[in-house]
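*Asks:* Below is a structure I'd like to ask you about.
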Amino acid sequence: MNKTYQCLLGFIFFLHPNFISSQDVYGLVIHGGAGTITRENLTAEKETAYREILNEALKVGFTIIENGGSALDAVEATIRIMEDSPLFNAGKGAVFTNAGTNELDASIMDGSSLQAGAVAGVKTIKNPITAARKVMEETWHVILSGDGADHFAKEQGLAIVENTYFHTKRRWDSLKKVKEKEKHGTVGCVALDKIGNLAAGTSTGGLTNKRWGRIGDSPIVGAGTYANNETCGVSGTGQGEYFIRGNIAYDVSAMMEYKSISVKDAAFQVIDKLTDRGGSGGVIAMNRIGEIAMPFNTKGMYRGYLMNDKNLVIKIYND
Ligand code: ASP
0 MNKTYQCLLG FIFFLHPNFI SSQDVYGLVI HGGAGTITRE NLTAEKETAY
50 REILNEALKV GFTIIENGGS ALDAVEATIR IMEDSPLFNA GKGAVFTNAG
100 TNELDASIMD GSSLQAGAVA GVKTIKNPIT AARKVMEETW HVILSGDGAD
150 HFAKEQGLAI VENTYFHTKR RWDSLKKVKE KEKHGTVGCV ALDKIGNLAA
200 GTSTGGLTNK RWGRIGDSPI VGAGTYANNE TCGVSGTGQG EYFIRGNIAY
250 DVSAMMEYKS ISVKDAAFQV IDKLTDRGGS GGVIAMNRIG EIAMPFNTKG
300 MYRGYLMNDK NLVIKIYND
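Using numbering that gives the first Met the number 0, read the sequence shown as starting at 0 and increasing by one per residue.
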């Protein structure tokens with residue numbers, strides 16, 4: 000290799016250190032919603048079913064990253080697994096609005112470019128997280144909503160379903176017993192890939208018995224989802240109105256940026272603030288060196304992580 004060529008390569012690597020070094024730490028953290036989840040109200044069979052899907056979702060995302068795929072690809076694929084399961088309040092298992100319809104929200108953010116995409120109030124998109132990514136990559140917008148978003152997804156060739164695809168008996172019964180509206184089940188993922196990029200995504204059916212047309216925090220960048228390689232990736236779940244007013248996901252990142260505190264301290268302090276304001280929910284967060292925080296102020300939160308040390312952790316209750 001001649002000197003000029005060597006110099007040129009050195010310069011490129013200086014500009015893009017990520018090209019040459021594969022990270023020591025990579026992996027992902029997920030949640031499947033926070034709420035009144037206790038040992039008393041979750042049967043052993045249900046618990047096993049939840050653990051199985053969380054396990055599968057973690058493994059699918061991890062395999063993508065381990066094979067050199069991007070954090071974005073991992074976030075999208077992981078969330079799709081949970082969207083396709085009737086267990087979670089996202090995709091197939093979405094809750095009902097007060098009008099008896101299902102209206103779904105989702106967002107995704109790339110921590111390396113601060114690009115983001117979201118869909119809100121969609122009724123026919125089988126996997127809203129994929130539509131959110133298309134908005135990010137194929138348009139110059141951040142959020143598309145309602146019929147316009149459904150139309151866009153169809154144009155993009157995504158899987159389209161009848162709104163009845165989202166009708167599950169369990170969620171219909173929840174609508175009838177409106178008192179169950181505190182139960183959540185939103186899904187989210189934060190991934191860190193081998194070149195040190197973070198990405199985050201969130202997908203939900205919203206809150207049971209929400210007014211039709213209501214949009215929650217999940218498609219709002221900074222409220223339900225945020226990712227910035229300089230700080231962390233975050234996905235939230237809980238009472239969306241509190242998450243929007245508190246800019247919860249961005250607040251975790253801002254606390255790290257402005258106060259130079261750890262991802263754990265930032266995430267826990269943000270959930271403390273949420274508690275003080277009377278809101279309920281939780282977040283998952285991970286920084287660029289793979290440190291994870293999963294605080295919540297509800298009885299439980301489906302959550303787990305799988306990092307390159309191959310230690311797969313899944314937790315549900317508040318212990
Ligand atoms: N945050 C979601 C919303 O308010 C609901 C949830 O996370 O359970 O739409």
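For glycine and all other residues, C-beta sits at the position ideal for the given N, C-alpha and C.
These figures come from a predicted structure and were not determined experimentally.
Nearest by alpha-carbon distance to THR35: which of PHE242, LYS168 and THR236 is it?
*Replies:* Of PHE242, LYS168 and THR236, the residue nearest in Cα terms is THR236.
*Asks:* For SER252, which three-state DSSP category applies?
*Replies:* Residue state, collapsed to three classes: helix.
*Asks:* Which word fits ASP192, buried or exposed, when buried means at least 16 other C-beta atoms lie within 10 angstroms of its C-beta?
*Replies:* Label assigned to ASP192: buried.
*Asks:* Closer than 7 angstroms to a non-hydrogen atom of the ligand ASP - does that hold for the CB of GLN238?
*Replies:* GLN238 Cβ: within cutoff of the ligand ASP.
*Asks:* Alpha carbon to alpha carbon, how far is GLU51 from SER84?
*Replies:* Roughly 11 angstroms between the two C-alpha positions.
*Asks:* Give the DSSP-derived three-state secondary structure of LEU157 in the structure shown.
*Replies:* Three-state DSSP puts LEU157 in coil, outside helix and strand.
*Asks:* Tell me the DSSP bridge mates of GLN114?
*Replies:* GLN114 pairs with ASP109.
*Asks:* Hey, does GLU44 have any beta-carbon neighbour from chain C nearer than 8 angstroms?
*Replies:* Judged by its chain identifiers, the structure shown contains no chain C, having just a single protein chain.
*Asks:* Measure the alpha-carbon distance for ILE142 versus ARG302 and round it to whole angstroms.
*Replies:* Cα-Cα distance, rounded: 27 angstroms.
*Asks:* Alpha carbon to alpha carbon, what distance is there between TRP211 and ALA70?
*Replies:* Looking at the two C-alpha atoms, the distance is approximately 33 angstroms.
*Asks:* Do ALA115 and SER144 count as a contact pair if the criterion is CB distance below 8 angstroms?
*Replies:* No, the Cβ-Cβ distance between SER144 and ALA115 is not below 8 angstroms.
*Asks:* Starting from PHE295, follow its DSSP beta bridges and name the residues at the other end.
*Replies:* BP columns for PHE295 point to GLY281.
*Asks:* Output the distance between the C-alpha atoms of ASP216 and ASP308, rounded to the nearest integer angstrom.
*Replies:* Taking the straight line joining both Cα atoms gives about 33 angstroms.
*Asks:* Do LYS125 and ALA93 have their CB atoms nearer than 8 angstroms?
*Replies:* In this structure, ALA93 does not lie closer than 8 angstroms to LYS125 by Cβ.
*Asks:* Taking C-alpha atoms, which residue in SER173, PHE267, TYR225 and THR96 lies nearest to VAL74?
*Replies:* Checked all of SER173, PHE267, TYR225 and THR96; the closest Cα to VAL74 is TYR225.
*Asks:* Going by C-alpha distance, which of ILE288, GLY281 and ARG287 is nearest PRO294?
*Replies:* Ranking the options by Cα distance to PRO294, first place goes to GLY281.
*Asks:* Would you grab the beta carbon distance between ILE291 and TYR49 for me? Rounded to a whole angstrom, and I think it's under 8 angstroms.
*Replies:* Incorrect: roughly 20 angstroms between the Cβ atoms, too far for contact.
*Asks:* Confirm, please, whether the CB-CB distance from GLY200 to ILE128 is below 8 angstroms.
*Replies:* Closer than 8 angstroms, so yes.
*Asks:* Comparing alpha-carbon positions, which option in LEU197, LEU305, THR100 and LYS168 lies nearest PHE61?
*Replies:* Of the listed residues, the one whose Cα sits closest to PHE61 is LEU305.
*Asks:* Hey, could you find the ends of the beta strand (DSSP E) THR203 is sitting in?
*Replies:* First-last of the beta strand (DSSP E) with THR203: 197 to 203.
*Asks:* Given the structure, does THR185 come close to the ligand ASP, in the sense that its CB is under 7 angstroms from one of the ligand's heavy atoms?
*Replies:* Yes, since a heavy atom of the ligand ASP falls inside the 7 angstroms radius drawn around the Cβ of THR185.
*Asks:* Got a sec? Which residues, its chain only, sit under 7 angstroms from ILE243 by beta carbon, not counting five neighbours each side?
*Replies:* Answer for ILE243: ASP216, ILE219 and ALA222, listed in chain order.
*Asks:* Can you determine whether any heavy atom of the ligand ASP sits closer than 7 angstroms to the C-beta of THR96, and answer yes or no?
*Replies:* THR96 Cβ: outside cutoff for every heavy atom of the ligand ASP.
*Asks:* State whether the segment 159 to 167 contacts the segment 97 to 111, with contact taken as three or more CB pairs (one from each stretch) at a distance under 8 angstroms.
*Replies:* At 8 angstroms Cβ cutoff, the stretches touch.
*Asks:* With H, G and I counted as helix, E and B as strand and the rest as coil, what does DSSP make of LYS122?
*Replies:* Residue state, collapsed to three classes: coil.
*Asks:* What ranges does the beta strand (DSSP E) occupy inside the segment 228 to 274, keeping only unbroken runs of at least 3 residues that lie completely in it?
*Replies:* Those beta strand (DSSP E) runs which fall completely within the segment 228 to 274 and span 3+ residues are 231 to 237.
*Asks:* When you compare only the Cα positions, how much space is there between ARG213 and GLY239?
*Replies:* Going from the Cα of ARG213 to the Cα of GLY239 covers about 10 angstroms.
*Asks:* The alpha helix (DSSP H) with ALA48 in it runs from where to where?
*Replies:* First-last of the alpha helix (DSSP H) with ALA48: 43 to 65.
*Asks:* According to DSSP, simplified to helix, strand and coil, what is ASP104?
*Replies:* Three-state DSSP puts ASP104 in a strand.
*Asks:* For GLU82, which residues in the same chain have their Cβ closer than 6 angstroms to its Cβ, ignoring the five residues on either side in sequence?
*Replies:* Excluding sequence neighbours, GLU82 sits near ALA89, GLY90, ASN126 and SER202.
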